[in-house]
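Residue numbers (our numbering): 107 to 853.
Positions of the beta carbon are idealized from the N, C-alpha and C atoms, including for glycine.
All values reported here derive from a predicted model rather than from experimental measurement.
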């Protein structure tokens, strides 16, 4: 029965310009969510992107209008489409900030020198300071005032509001004190001016913004590295001629030639030649993989030794590399649940701060010393400046970006931030058997000799007969001959006996290969092999008996062998107090044999795909946090039901699409790495949030003057100190997140 599905929504990523703090994020999100046709919108400050789920057909203009009405902009690429061009905009923005900062430093240094010395008469000094302050405030700091005006038009407030109001207050007061000093003269003393306060605050915030922009560029390094792996051209064969063409011009079905030392341009299947290919960029494995006819090759992997020709099967956005880039980008742009809490707090934070600043001004004005109006002004500025919520907005997304990038470098593709946040809570890991704990293909594991024939002779005779068989056991026997470099001759007669085995003639001799029932039916005495076959069966192995001219010569045991890393992975999970479960459609005997070898805690066998989902659900109802590890279509339902679905990289596309995490190395140790990565990322996020919150909780009361009754003027916070603290709090958060890049997931 065909199942028809209606496409209810598309997901698009657009780059947003002009965001600087968590309040900006909340405003853009709210604006986008109000657009008819938008199902959901997540805005990420670190990537400066909006990830929008929308109904098909929604135009970019609708989104642009909403974003611009909120006071921000959609960054559009050269083709007139919204696209991910954040790295280039980061670079341009960084250069602009660097220029403004350099000019501001020079002018602010001169202003401070004039303010702190008596090199020129006081009034002349004030005029010179005024002239030097204007370019700092109205050119270098213009972005803050433009942002403030946009916020004011939309009746909202953000970081720009705090900076603009604080520095404008200092500048306007100083302007009037310079032009009309008599208005502010107290007891015959010429009023002080605070041009240095306004300029130094802007300079320090520009420094923080510049360092932040540079650090944010590093957090997206994983994406840039992945994009940089793509080759620019491909050598294709058309009309029996070779052409070097742009990679964008390659078509599905094209024949592509790759020579030693070249990168493979697109995904495809080898049709001629042999080589070894370095696939470390996909899997993280350092050893090259041998490729021959029928093998899959992937874009951006490096051909090492031989030349080969392959048929292009996936191009452009359909290649494995492009899919990895998309998954990493989506994960970096998504939000962890903990970030949503921070965003909600930030959305009301600025109005609260403005309220505290107004209260600070009123209290100091009414109850302060004789110079209360000046003290009120300075303390209000300090409150506004120190409270900028930049660090709060960057605390989570920067850690998520670095964490998902580190995962990609280790062959762990994490679909979204929520998965990265939840992975460390897992207390139960459920494994599929075939292709997950095992290699997924039967192999010869044992040979019991019943005659003078050697093991190689037994395999060679069996392989000669199986050359015309299509049974999976035949494939295992033939693979063994390749491994041992044997040369089976092929049967002169062959007959398949469904349910029993095969028979035929090899070298003029009658050969039987099958189960005990076949031997019994042919009148052979099987008494002496019953115990051997029983022992194999107990271990979950399939036994086939070989007879030559009605004489038993050997028993071959075939099984889907356990992956080398499986025992160590199970041991490490147990060391982390994580329970393990084997969930398989295979028979009970085979499942229990495998579980016994690996030390798995629980076995659930002979379960169909829907039943697997139900078993996962039962574990969840018991309060377990469940990760499901699988690789096949039959695992897709269970992967979706689990708290965290983990797909093996060698598995089906459906399994990888439904899973939260994909292990590109196809190595079970990736499960341990993913859990460790989650834990390290969450610890980083918590520290980031702690410092972002504690900084404001401690800083705002001090800026307001709460220590003044106890320490006098020593208890007051100079606005310039507040600006430095605010700027470097953001840098601290981003730098702390970047420490994740050095995390070792192997220990």
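Using a Cβ distance threshold of 8 angstroms, residue 426 and residue 405 count as a contacting pair. In its chain, beyond the 5 residues on either side, 482, 483, 485, 486 have a beta carbon closer than 8 angstroms to the beta carbon of residue 467. Runs of alpha helix (DSSP H) with 4 or more residues, each lying fully within the segment 726-778, are found at 742-747, 759-764, listed in chain order. Per DSSP, the unbroken beta strand (DSSP E) holding residue 550 starts and ends at 544-555. Along the length of the segment 690-731, whole alpha helix (DSSP H) runs at least 4 residues long occupy 694-704, 715-727, reported in chain order. Residue 377 carries a strand assignment under DSSP once its states are collapsed to helix, strand and coil. Its chain contains 678 as the residues whose beta carbon lies nearer than 6 angstroms to that of residue 778, once the 5 sequence neighbours on both sides are disregarded; these appear in chain order. When secondary structure is reduced to three states using DSSP, residue 603 falls in the strand class. The alpha carbon of residue 810 has as its nearest neighbour, out of 344, 239, 461, the alpha carbon of 461. In this structure, the CA atom of residue 242 is about 17 angstroms from the CA atom of residue 830.
For the pair residue 623 and residue 395, the Cα-to-Cα distance works out to about 42 angstroms.
Rounded to the nearest angstrom, the Cβ distance from residue 378 to residue 415 is 4 angstroms, consistent with a contact under 8 angstroms. Of the candidates 166, 133, 769, the residue whose Cα lies closest to the Cα of residue 515 is 769. In the structure shown, the three-state DSSP call for residue 261 is coil.
Separation of the CB atoms of residue 525 and residue 766 is rounded to 4 angstroms, and the pair is thereby assigned contact status at 8 angstroms. DSSP lists 555, 652 as the beta-bridge partner residues of residue 660. DSSP lists 348, 361 as the bridge partner or partners of residue 343. Judged by DSSP secondary structure, residue 669 falls outside any beta strand (DSSP E); it is assigned neither H nor E. In this structure, DSSP gives residue 120 an extended state, which the three-state scheme calls strand.
Beyond the five residues adjoining it in sequence on each side, residue 581 comes within less than 8 angstroms, by CB distance, of 547, 548 in the same chain, given in chain order.
Taking all protein chains shown into account, residue 539 has 16 or more neighbouring C-beta atoms within 10 Å of its C-beta and is therefore buried. Of the candidates 571, 627, 619, 571 places its Cα closest to the Cα of residue 596. Secondary structure at residue 367: coil, using DSSP grouped into helix, strand and coil.
Residue 157 carries a strand assignment under DSSP once its states are collapsed to helix, strand and coil. Membership of residue 416 in any alpha helix (DSSP H) is not indicated; the residue belongs instead to the beta strand (DSSP E) covering 414-420.
By the 16-neighbour rule on beta-carbons within 10 angstroms, residue 126 is buried. With respect to residue 354, residue 380 sits apart: the two C-beta atoms are not nearer than 8 angstroms. Cα atoms of residue 647 and residue 755: separation of roughly 26 angstroms, rounded to the nearest angstrom. When the Cα atoms are used, residue 351 and residue 359 turn out to be separated by approximately 15 angstroms. DSSP places residue 180 in the uninterrupted beta strand (DSSP E) bounded by 179-181.
Comparing alpha carbon positions, the residue from 120, 625, 655 closest to residue 160 is 120. Positions of the alpha helix (DSSP H) runs, each at least 4 residues long and wholly inside the segment 776-843, are given as 814-817 in order along the chain. Inter-residue distance for residue 163 and residue 138 is about 16 angstroms (C-alpha atoms, whole angstroms). The Cβ atoms of residue 691 and residue 713 sit closer than 8 angstroms to each other. Residue 266 and residue 735 have their alpha carbons spaced roughly 47 angstroms apart. If you keep only unbroken beta strand (DSSP E) runs of at least 3 residues inside the segment 606-655, you get 607-612, 615-620, 648-654.
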